[in-house]
Amino acid sequence: MQESIFKEYLDIKSIFKKNRDVLRPSYIPEKLLHRDEHIDQIASILASALRGDQPSNILIFGKTGTGKTATVKYLGKEIKKATDTLPTPLKDVRYIYINCEIVDTQYGVLQNIGNRFIEDFNERIPPTGWSTERVYNILWEKIDQSPKVVVVVLDEIDRFVYKSGDDTLYHLTKINDDLKNAKVSLIGISNDLKFTELLDPRVRSRLSDEKIVFPPYDADQLKDILRQRAEIAFEDGVIEEGVISLCAAVEAHEHGDARRALDLLRVAAELAERSKEEQINENHVIRAKNKIELDCVIEAVRTLPIQSKLVLMSILIGEENGNHKQMTGDVYSTYRTLARKASKGILTQRRVADLISELDMMGLVSARVKSFGRGGRTKVITVSVPLLETRQVLEKDPMLEPVKGIKLKTQSTLEL
Ligand SMILES: Nc1ncnc2c1ncn2[C@@H]1O[C@H](COP(=O)(O)OP(=O)(O)OP(=O)(O)O)[C@@H](O)[C@H]1O
Ligand SMILES: [Mg+2]
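Letter by letter, the sequence shown follows residues 2 to 417 of this note's numbering.
So this is what it looks like as structure tokens:
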């Protein structure tokens, strides 16, 4: 009998222990490292809930991967533990976690909270169809049926505000005026401070009774976080000396983001596994970093709007033709040809210059202003991504089929 094509892969000793998901962002470790201070700070505010009082509202800020979600989920578990051991009159604390990236409408958030207090399935608030006012009225009526403290965590609250405005937050921050028995407090989490500018000043001040900032991790802290996770994820002796330090150093230097550091280690491990090696070494980490970066570029390019793709393609063609000092005019003349061939509307040079600036902000190209002679200034545009791979991604777009494989002679124009 012929051997299974998978046999050679199954024969390799796995470097992962059974559960490789411990390196994924959704996994929350038993103990969060280097966040004691923040956990204590939030716990001291939430402690009033356990006494039956309303805790202050809290706004948590911090860049991505700084442990905000992990911390509030951890606190939710701890509150549950505490309420399970407290005497009855103080017992009823409900901790409701909502990810506003998933539930991002006013109706959705109110429905989600309301339904936690409706046990009879037939009485549940339907996913659509009621007026928001009706949903809100049911919500406060149900919450107020018995004395309790409700802590609502709105993770990624900025997305919710950008998408749906602040009406719901307005209602939720003043719900305590309407409640007789129950008390509600809010924890908002965001990595973007700007969204508070969109809030009604009353909502802003109520929501941010307390502000807590989560700073990025430094290299030593990331090392501890990685080591803790590696012990659960890998068999002993699988990680070569220096691997954890390198992952930590790379991420500390760039963002101090624990999620990215863990991703780097996971991808390095997968590369080692795929090349049938039994140990992860520094070389795998370097390859993993390149792979993750390239995947990000590919995703960014793949999801560009069509006109931006045409502009990027024009810049790539210029570069392929050896023009390493393209100016807006050069790009525009190539762009016009491509847009015509692809039967797309031709934008003005001014608009194309705007799209070039957007590509620059995304880090796909670099557009630097150069001055020369008597106050003359122009932008010099160069590509910041790998030519071949980027072109391949662009050419996968069916709308760019007519310009696939195109080679143009670009002329250098002088623009003053
Ligand atoms: N202090 C820590 N100890 C152990 N693991 C951590 C710690 N902080 C973060 N992590 C891990 O890093 C990953 C990202 O953390 P988390 O999701 O909490 O970040 P975040 O601040 O919510 O980021 P975002 O703003 O992108 O939502 C998770 O896998 C989490 O378990
Ligand atoms: Mg989060």
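In this text, a Cβ means the ideal position worked out from N, Cα and C, and glycines have one as well.
Residues bridged to residue i [DSSP beta-bridge criterion]
i      : result
LYS380 : VAL370
ASP156 : ASN100
LEU187 : VAL153
GLN327 : ILE382
ILE213 : ILE61
PHE17  : PHE235
ILE281 : ILE240
Identity of the residue in the options nearest residue i by Cα
i      : options                        : result
GLU321 : HIS256, LEU388, ASP331         : LEU388
GLU294 : ILE240, GLU390, GLU236, GLU232 : GLU390
LYS224 : THR379, ASP159, VAL244, LEU170 : VAL244
PRO26  : LEU34, ALA71, ASN58            : ALA71
LEU356 : LYS149, PRO306, PRO399, VAL136 : PRO306
TYR96  : ILE144, ILE139, SER132, LYS64  : ILE144
LEU395 : LEU365, VAL381, VAL268         : LEU365
ALA220 : MET363, LEU263, PHE235         : LEU263
VAL298 : THR329, LEU265, VAL386         : VAL386
ASN100 : ALA270, PRO399, VAL162, GLN280 : VAL162
VAL384 : ARG351, ASP193, SER315, ARG260 : SER315
ARG160 : ARG135, GLY189, HIS172, VAL150 : GLY189
GLU423 : ILE16, PHE7, ILE6              : The structure shown does not extend to residue 423, since the chain spans only 2 to 417, so no value can be given for it.
TYR75  : ASP93, TYR28, GLY115           : TYR28
SER191 : PHE62, ARG351, GLN308          : PHE62
LEU33  : THR67, PHE7, ILE59, LYS18      : THR67
LEU335 : THR65, GLN308, ASP361          : The identity of residue 335 in the sequence shown is Thr, whereas the question assumes Leu. When each option's Cα is compared against that of THR335, the closest is GLN308.
GLN393 : ALA273, ILE382, GLY406         : GLY406
THR329 : SER367, GLU211, ARG303         : SER367
GLU236 : ILE6, SER5, LYS18, PHE7        : LYS18
ALA48  : ILE103, VAL150, GLU242, TYR171 : VAL150
For residue i, three-class secondary structure by DSSP
i      : result
LEU60  : strand
ARG95  : strand
ILE240 : strand
LYS408 : coil
ASP179 : helix
ASN322 : coil
ILE347 : coil
THR391 : helix
SER165 : helix
LEU194 : helix
SER27  : coil
LEU417 : Because the pLDDT at LEU417 is just 38, under 50, the model does not fix this residue reliably, and the point stays unresolved.
PHE122 : helix
LYS290 : helix
HIS256 : coil
PRO148 : coil
TRP141 : helix
ASP219 : coil
HIS35  : coil
GLU402 : helix
ASP22  : helix
GLN229 : helix
MET363 : coil
ASP54  : coil
GLY77  : helix
ARG267 : helix
THR70  : helix
PRO306 : coil
LEU200 : coil
(request) Any chance you could list the residues with Cβ under 6 Å from a heavy atom of ligand 2, keeping chain order? (result) The chain-ordered list of residues whose CB is nearer than 6 Å to some heavy atom of ligand 2 reads LYS69, THR70, ASP156.
(message) When you compare the stretch 98 to 113 with the stretch 128 to 147, are there three or more beta-carbon pairs, one atom per stretch, that lie closer than 8 Å?
(response) yes
(request) Check whether the stretch 245 to 257 touches the stretch 44 to 56, taking contact to mean three or more Cβ pairs, one atom from each stretch, closer than 8 Å. (result) no
(message) Under 8 Å: do the stretch 25 to 44 and the stretch 114 to 123 share three or more Cβ pairs, one atom per stretch?
(response) no
(request) Mind the definition here: the stretch 199 to 215 touches the stretch 226 to 237 only if three or more C-beta pairs lie below 8 Å; say whether that holds. (result) no
(message) For the stretch 284 to 293 against the stretch 337 to 348, do three or more pairs of beta-carbon atoms, one drawn from each stretch, fall closer than 8 Å, so that the two count as touching?
(response) no
(request) Take every Cβ of the stretch 172 to 184, pair it with every Cβ of the stretch 76 to 85, and state whether three or more of those distances are shorter than 8 Å. (result) Because the criterion of three Cβ pairs below 8 Å is not met, the stretch 172 to 184 and the stretch 76 to 85 do not touch.
(request) State whether the stretch 138 to 152 contacts the stretch 194 to 206, with contact taken as three or more CB pairs (one from each stretch) at a distance under 8 Å. (result) no
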